[in-house]
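Colleague: Numbering (the working numbering), first residue to last: 10 to 109. Dropping the structure in here first, questions after.
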């Protein structure tokens, strides 16, 4: 059984999720690389990152990986807020709360 509670005892989940989204969409990091960067472990094999990204409606089948690599966070937030897709708006709110 995974002991995920140890990973979150020093940071809020509301602080971590926008970073996971940022590293995936903007930096194009793999799911495992995100976990190594944020949690200093490969133990979860990308499962944690995938779970959070999928929960927020971000497909992790490499279609979205690095999709915003050449855009700025403010531009992407504006673009997402214009969408009628509720998942896009939720992601925009998370990014705005963390990065603007």
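Yeah, the Cβ is synthetic: ideal placement off N, Cα and C, and Gly gets one too. From a predicted model like this one, the values you see are computed outputs, not experimental measurements.
Would you give the residue range spanned by the alpha helix (DSSP H) that residue 66 belongs to?
Modeller: Taken as a continuous stretch (DSSP letters only), residue 66 belongs to no alpha helix (DSSP H), as it is neither H nor E.
Colleague: To the nearest angstrom, how far is the alpha carbon of residue 74 from that of residue 21?
Modeller: Roughly 24 Å between the two C-alpha positions.
Colleague: Please classify residue 96: does DSSP put it in a helix, a strand, or coil?
Modeller: helix
Colleague: With burial defined as no fewer than 16 other Cβ atoms inside 10 Å of the residue's Cβ, what is the status of residue 33: buried or exposed?
Modeller: Buried.
Colleague: If you follow the alpha helix (DSSP H) that residue 90 is part of, which residue opens it and which one closes it?
Modeller: 82-90
Colleague: Quick one: Cα of residue 61 to Cα of residue 24, how far?
Modeller: Taking the straight line joining both Cα atoms gives about 12 Å.
Colleague: For the alpha helix (DSSP H) holding residue 48, just list the boundary residues, first then last.
Modeller: 40-48
Colleague: When the distance is taken between beta carbons, is residue 103 closer than 8 Å to residue 26?
Modeller: yes
Colleague: Only counting the same chain, and skipping five residues up and downstream in sequence, which positions put a Cβ closer than 6 Å to that of residue 66?
Modeller: Within its own chain, the residues whose Cβ lies closer than 6 Å to the Cβ of residue 66, once the five positions on either side in sequence are excluded, are 96, listed in chain order.
Colleague: Express the C-alpha separation of residue 59 and residue 53 in angstroms, rounding to a whole number.
Modeller: 10 Å
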